[in-house]
């Protein structure tokens, strides 16, 4: 837990400095503490190499070798009744040791248990597709390719799923900037109008709170609107909201604010 | 004419109105603003509410059309993603002149809270916008007021003059 800091003067100064909450380590238990998981692990380890295993938040986590993934998932589906692949994706550990961690979240409806199969691959390495075992892996593997650039071998349609096909870069990598690289910043302008339009359309304005009240070209102060190009001094009179021109509109009844009726009964 | 003996012309009873071409063309244009249904995100819900019975856009002659060929005004209601940017340009090009664009809500105006790689930071980077509605999301009243302001803008034009086609660049 984060250390307690006194909060009697919170209005004057910001006491919160961590940008993100860093969670404490979740306790891990030995697999032998749960007999269902212990039996499952024994079945897996009798046929495949298990590098590490533990129980975390009531779910068993099993680390295997990357080349065994198809066999392990086939085993847990057919013999251990983990019939659903609820989620799969990758975790970016490139900064730590140049690897990705791939996880497969499995659910057994009969045992009412969840296990997670994990393995690590090097950067640039491809994984084996499990699309033939679980149809849900189809889009998940495409999303993994889209977001991390990890290709799945033997996948029937290994293309991007969320980003456009002509996109460059993989947005969920930790090295990818949140506001996009240069390709992302000019994507729509380059694609629709061409690169020569960059000077005319200009860069993206990322500060949405950027408002200059003395600028009458692009902004209007609500209730104090002035014609475009007027020099704003700051002591303008409030403008009256009108719905129609003073002279009235052809064939349209003139709106009279005083004659209008305000319905304030919600049960009318 | 009816078979019974009604003299429609007596006492000036024929329905005749005299006006200028400008006024009648602008009246026709401004009071039948058919809008392209363009709900991209949660602003689309408010846009649908504006068209439904409680707020009743039909009173203003604004009827939502599902085809850009039949629409006069494009109400960009919601977040415009970069993947969708080429399609908004294509739909805008398919609308017939004269055409207008209302940018509805923070996302369409500036990208709003989606300060990310995947969101267009304001749909006026792609198409020319006539009216920006603030709000997240704007109430249906705001959209109705916006349409009335757009009607005022249309009536200020001279219909007899050829209108300059709006282009972003």
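Residue numbers (my numbering), protein chains in the order written: chain H, 1 to 268; chain R, 1 to 169. Every residue gets a Cβ at the ideal spot worked out from N, C-alpha and C, and that includes glycine.
Subject >> Reduced DSSP category for residue 51 (chain H) - H, G, I as helix; E, B as strand; rest coil >> reply: Look at residue 51 (chain H) here: in three-state DSSP terms it is strand.
Subject >> Contact with chain R by residue 206 (chain H), beta-carbon distance below 8 Å >> reply: Cβ-Cβ to chain R under 8 Å: yes for residue 206 (chain H).
Original post:
When you check each C-beta in the region 99 to 115 of chain R against every C-beta of chain H, which residues fall closer than 9 Å?
Top reply: Within the region 99 to 115 of chain R, the qualifying residues are 106, 109, 110, 111, 112, 113 and 115.
Original post:
What does residue 120 (chain R) reach in chain H if we use C-beta pairs closer than 8 Å?
Top reply: Taking a Cβ-Cβ cut-off of 8 Å, the neighbours of residue 120 (chain R) in chain H comprise 188, given in sequence order.
**OP:** Figure out for me which residue from H:50, H:66, H:68 and H:67 has the closest Cα to the Cα of residue 60 (chain H).
**Re:** Relative to the Cα of residue 60 (chain H), the nearest Cα in the group H:50, H:66, H:68 and H:67 belongs to H:50.
Original post:
Is the Cβ-Cβ distance between residue 153 (chain H) and residue 129 (chain H) less than 8 Å?
Top reply: Yes.
Original post:
Got a sec: is the Cβ-Cβ distance from residue 245 (chain H) to anything in chain R below 8 Å?
Top reply: Yes - at least one Cβ of chain R is within 8 Å of the one on residue 245 (chain H).
Original post:
Of the choices H:68, H:178, H:71 and H:38, whose alpha-carbon is the least far from that of residue 116 (chain R)?
Top reply: Of the candidates H:68, H:178, H:71 and H:38, the one whose C-alpha sits nearest the C-alpha of residue 116 (chain R) is H:178.
Subject >> Residue-level contact to chain R via CB, residue 163 (chain H), 8 Å cutoff >> reply: Yes, residue 163 (chain H) counts as interfacial toward chain R.
Original post:
Can residue 121 (chain H) and residue 91 (chain H) be called in contact, C-beta distance under 8 Å?
Top reply: Residue 121 (chain H) is not a Cβ neighbour of residue 91 (chain H), given a cutoff of 8 Å.
Original post:
Can the beta-carbon of residue 35 (chain R) be found less than 8 Å from the beta-carbon of residue 73 (chain R)?
Top reply: Their beta carbons are under 8 Å apart, which means residue 35 (chain R) touches residue 73 (chain R) by this criterion.
Original post:
Looking at chain R, which residues of the region 173 to 186 of chain H have a Cβ within less than 9 Å of any of its Cβ atoms?
Top reply: Result list: 176, 177, 178, 179, 180, 181, 184 and 185.
Original post:
Quick one, which residues of the region 57 to 73 of chain R are near chain H if we go by CB-CB under 7 Å, in chain order?
Top reply: Residues passing the 7 Å Cβ filter: none.
Original post:
Which residues in the same chain as residue 68 (chain H) place their Cβ atom closer than 6 Å to its Cβ, once the five residues preceding and following it in sequence are excluded?
Top reply: When the five nearest sequence neighbours on each side are left out, the beta carbons in the same chain lying within less than 6 Å of the beta carbon of residue 68 (chain H) are those of 48, in order along the chain.
**OP:** Using a Cβ cut-off of 8 Å (strictly closer), state whether residue 85 (chain R) contacts chain H.
**Re:** With 8 Å as the cut-off, residue 85 (chain R) counts as an interface residue toward chain H.
Subject >> Backbone secondary structure at residue 26 (chain R) - three-state DSSP >> reply: Under the three-state reduction of DSSP, residue 26 (chain R) is assigned to helix.
**OP:** Go through its chain and collect everything with a Cβ distance to residue 123 (chain H)'s Cβ below 8 Å, but skip five positions before and after it.
**Re:** Answer for residue 123 (chain H): 94, 98, 99 and 100, listed in chain order.
Original post:
What beta strand (DSSP E) runs, 3 residues minimum, are completely inside the region 35 to 98 of chain H?
Top reply: Here the runs fully enclosed are 50 to 56, 59 to 64 and 84 to 93.
Original post:
What's the gap between the Cα of residue 78 (chain H) and the Cα of residue 96 (chain H)?
Top reply: One C-alpha to the other measures close to 36 Å.
**OP:** Would you mind reading off the limits of the alpha helix (DSSP H) that contains residue 92 (chain R)?
**Re:** Run containing residue 92 (chain R): 85 to 94, per the alpha helix (DSSP H) assignment.
**OP:** Decide if residue 109 (chain H) is buried, meaning its Cβ has at least 16 other Cβ atoms within 10 Å, or exposed.
**Re:** Burial state of residue 109 (chain H) is exposed, judged by a 10 Å Cβ sphere holding fewer than 16 other Cβ atoms.
Subject >> Where residue 207 (chain H) sits in the DSSP three-state scheme >> reply: Collapsing the DSSP output to three states places residue 207 (chain H) in coil.
Subject >> Bridge partners - residue 119 (chain R), DSSP secondary structure assignment >> reply: In the DSSP output, where bridge partners are listed per residue, residue 119 (chain R) has R:81.
Original post:
Between residue 228 (chain H) and residue 217 (chain H), which are expected to be in contact by the criterion C-beta below 8 Å, what is the C-beta distance as a whole number of angstroms?
Top reply: Taking 8 Å as the upper bound for CB-CB distance, residue 228 (chain H) and residue 217 (chain H) are in contact here, some 6 Å apart.
Original post:
Does residue 23 (chain R) get closer than 8 Å to chain H when you measure Cβ to Cβ?
Top reply: Yes - at least one Cβ of chain H is within 8 Å of the one on residue 23 (chain R).
Original post:
With 16 other CB atoms within 10 Å as the buried threshold, where does residue 236 (chain H) fall?
Top reply: By the beta-carbon neighbour count (other beta carbons within 10 angstroms, threshold 16), residue 236 (chain H) is exposed.
Subject >> Coil, strand or helix - residue 50 (chain R) by DSSP >> reply: Residue state, collapsed to three classes: helix.
Original post:
Which residues in the same chain have their Cβ closer than 8 Å to the Cβ of residue 41 (chain H), if we skip the five residues on either side of it in sequence?
Top reply: Closer than 8 Å at the Cβ level, and outside the excluded window around residue 41 (chain H), lie 31, 50, 53, 60 and 62.
Original post:
Using CA coordinates, which residue listed in H:46, H:262, H:56 and H:184 is at the minimum distance from residue 116 (chain H)?
Top reply: It is H:56 whose Cα lies nearest to the Cα of residue 116 (chain H).
Original post:
With a cut-off of 8 Å, does the C-beta of residue 27 (chain R) fall near any C-beta of chain H?
Top reply: So, interface residue.
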